[in-house]
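In this text, residue positions in the sequence shown follow my numbering: the first is 550, and each later residue adds one.
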Amino acid sequence: MKPLPLATWGNRFWAWLIDILLVSLIWDLVAGLFIYVGDVGSYRFLGPFSHSLLLFVYWTLLEGYRGQSIGKMALNIAVVETEGDILSFKGAAVESFGKAFLLPFDCLAGWLAMPGSGQRLFNRASRTVVVKTTERGGRFAR
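Structural data, given as structure tokens:
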């Protein structure tokens, strides 16, 4: 079997940034709505942990459903299992956990412990890799 065409760290960063900006925009709109309606007490639940939780749910659902978040779609990259199979929701949840809650540690551990593998620590734990796709929609070239 041909090796999988791994996505570059640069493409992965830009896809992550698109996702962060998109989710943050939605987050800010919700927070603004709470402030506008005057329910400032309810605004307290909108802390950093809640933002990370929203990112975790966003990535788990989108990547578990089609292997791609909106940022990954824009950059033509996708998450697949290490053998090239379609990502499961369980794999997406494990992979997304590190990205949403522990990203600096997740990246550093992957780069230092597994150089050249193209994997973060939670990619390794979920048996996933990020690959280049040939088109939007998640199909990738083997």
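Glycine is no exception: its CB is placed at the ideal position from the N, C-alpha and C atoms.
As the structure is a prediction and not an experimental result, all values here were calculated from the model.
- Opposing strand residues paired with Lys-681 [DSSP bridges]: Ile-626
- Rounded to whole angstroms, what's the CA-CA distance from Ser-666 to Val-680? Just pull it up for me. 12 Å
- Report the three-state DSSP secondary structure of Leu-555 (helix, strand or coil). strand
- Item | Where Thr-609 falls: helix, strand or coil (DSSP) | helix
- Do you know offhand how far Leu-602's Cα is from Asp-634's? 27 Å
- Task: Give the straight-line distance between the Cα atoms of Phe-654 and Leu-582, rounded to the nearest whole angstrom.
- Result: 34 Å
- Message: With the cut-off set at 8 Å, would you say Val-629 and Val-678 are in Cβ contact?
- Response: yes
- Could you give the DSSP three-state label for Ser-573: helix, strand or coil? helix
- Helix, strand or coil for Arg-615, going by three-state DSSP, please let me know. helix
- Between which two residues does the alpha helix (DSSP H) harbouring Gly-640 extend? 638-650
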